[in-house]
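In the numbering used here, the protein residues as written are 279 to 552.
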DNA sequence: GTGACCACCTGGCCGC
DNA sequence: TGCGGCCAGGTGGTCA
């Protein structure tokens, strides 16, 4: 499931291969992927446009053109593959960007959860959906006082709030578990009761976990892989996520799995006390 | 404003 | 072997 490190990996991989390619034609085979504008307008506006840059904001992948920017959210299982025009289209490839040079960028999404927006590039940060995002983990304004302010009215478990993209953007279920483990915070701890020290730990470990994951190309769990079919290696560095019943790497107590806000959550009952 | 719940989707897994 | 049911989870919408 692509989170910030996986999207960053996809962005960097695509950047090497599709920058300055010009779109000849776009084929939308599953219309619901296109959230805005209409499919007809989406296809028309992208024709003859050149990809000038690739960016990322939170979990959103951004294809920058001269006047427009294409936002793509991979959600659970979205992937991009660069293929030749002659290659057979499989049933999970829902949006196909055909380039002038005969290659194609294909958006594959088994579960069809991914969404794309085509927006005017000017003031894009002020437009939906980017205007609803919180701070990037490396934003200098992500401070203890920022978190304390955001958390002070939240009575939800910290695990749930870490997944709230309007506070810190880019954290998903896997990394939330890892961040809380390293911060020695119980996933069910009520957010408004976090101390300054705990907020500081969350900020520090958010950065370190995501940096480490990016350096290893993200995490490959279940069906996620980046473009080119590249598998991330961070799953070998996961300390608690997906390790139910195994020994905690610190105290050797058995890792427990619970549900928090409907999400599978892994933690060590000894290292992470409420 | 806040929080709980559900729908969107399909493939993998498990039990019968 | 085949079938049904459950689970995985990011996000947006609805409702209390």
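For every residue, glycine included, the Cβ atom is placed at its ideal position computed from N, Cα and C.
Item	Value
Would residue 285 pass as a contact of residue 337 if the rule is Cβ separation under 8 Å?	yes
Look up residue 371 in the DSSP assignment and give the residues it is bridged to.	386
Let me check understanding here. Comparing Cα to Cα, which of 474, 437, 408 and 476 lies closest to residue 444?	408
For residue 415, count the other beta carbons within 10 Å of its own beta carbon; 16 or more makes it buried, fewer makes it exposed. Which is it?	buried
Whose C-beta lies closer than 6 Å to the C-beta of residue 347 among residues of the same chain, with five residues either side of it excluded?	340, 397, 399 and 402
Counting pairs of beta carbons, one from the stretch 448-466 and one from the stretch 372-390, are three or more of them closer than 8 Å?	no
Is the Cβ-Cβ distance between residue 301 and residue 327 less than 8 Å?	yes
Near residue 528, which residues of its chain fall below 6 Å by C-beta distance, leaving aside the five closest residues on each side in sequence?	549
Output needed for residue 477: all residues of its chain with C-beta closer than 8 Å, excluding positions within five of it in sequence on either side, in chain order.	422, 425, 426 and 429
Could you pull the start and end residues of the beta strand (DSSP E) that residue 544 belongs to?	541-545
Return the first residue and the last residue of the beta strand (DSSP E) that residue 313 is part of.	312-314
State buried or exposed for residue 369, treating a residue as buried only when at least 16 other CB atoms are found within 10 Å of its CB.	exposed
First and last residue of the alpha helix (DSSP H) that includes residue 445?	Per DSSP, residue 445 belongs to no alpha helix (DSSP H) and is neither H nor E.
Going by DSSP, what residues sit across from residue 328 in a beta bridge?	300
What do you get for residue 309, buried or exposed, if any count of 16 or more other CB atoms within 10 angstroms of its CB means buried?	exposed
For residue 412, collect the residues of the same chain with a Cβ closer than 7 Å to its Cβ; drop the 5 residues on either side in sequence, then sort them by chain order.	443, 444, 445, 446 and 447
Pull up the DSSP beta-bridge partners for residue 347, would you.	342 and 397
Just reading off the alpha helix (DSSP H) that residue 481 is part of, what are its end residues?	474-493
State the DSSP-derived secondary structure class of residue 407, mapped to helix, strand or coil.	coil
When you compare only the Cα positions, how much space is there between residue 545 and residue 281?	19 Å
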